[in-house]
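Heads up, my numbering is the position in the sequence shown plus 841, with the first residue counted as 1.
The beta carbon of each residue, even a glycine, is placed where N, CA and C say it ideally should be.
Below is one structure; the comments refer to it alone.
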Amino acid sequence: MTPTAKQSEVLHPWCRRTVTVRELARIQGFPDNFIFEAMDKDVTTMIRQIGNAVPWPVGKAIGREFRHALIQKWHPDNRDVFQ
């Protein structure tokens, strides 16, 4: 079964419709101005991209932690570097 299979449709909680690509992106933490690229604007491809993505805030937090670890390694005496 694929994430876009008929059996796995995500339905809007109050309306009789599926959740839009933009709504799914918001759930994952993508900003509203983020543009998903897909051949012929294929919605299935966009939904798959969102489903395979690391949530935006999680990626940002991981990046901050990597940055902090690298600063500690390269500049152990000066932790304000790049703050």
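Give the single residue among Gln913, Arg905, Met887, Glu906 whose Cα lies nearest to the Cα of Gln869.
The residue given as residue 869 occupies position 28 in the sequence shown. Checking every option, the nearest Cα to that of Gln869 belongs to Met887.
Please report the Cβ distance between Val862 and Phe877, rounded to the nearest whole angstrom; I am assuming they are in contact, meaning their Cβ atoms lie under 8 Å.
To locate residue 862, count along the sequence shown from 1; it is residue 21. To locate residue 877, count along the sequence shown from 1; it is residue 36. Yes, they are in contact, since the Cβ atoms of Val862 and Phe877 sit about 7 Å apart, within 8 Å.
Between the Cα of Pro898 and those of Ala866, Pro854, Trp855, spot the shortest distance and give me the residue it belongs to.
If you number the sequence shown from 1, residue 898 lands on position 57. Looking at the Cα atoms, Ala866 is the closest of the given residues.
What does the alpha-carbon distance come out to for the pair Lys882 and Lys914?
On the sequence shown, position 41 is the one that residue 882 refers to. On the sequence shown, position 73 is the one that residue 914 refers to. Straight-line Cα distance between these residues: approximately 44 Å.
Same chain, Cβ closer than 8 Å to Leu852, five either side skipped, listed in chain order
Within the sequence shown, numbered from 1, the residue matching residue 852 stands at position 11. Here the set comprises Arg858, Thr859, Val860.
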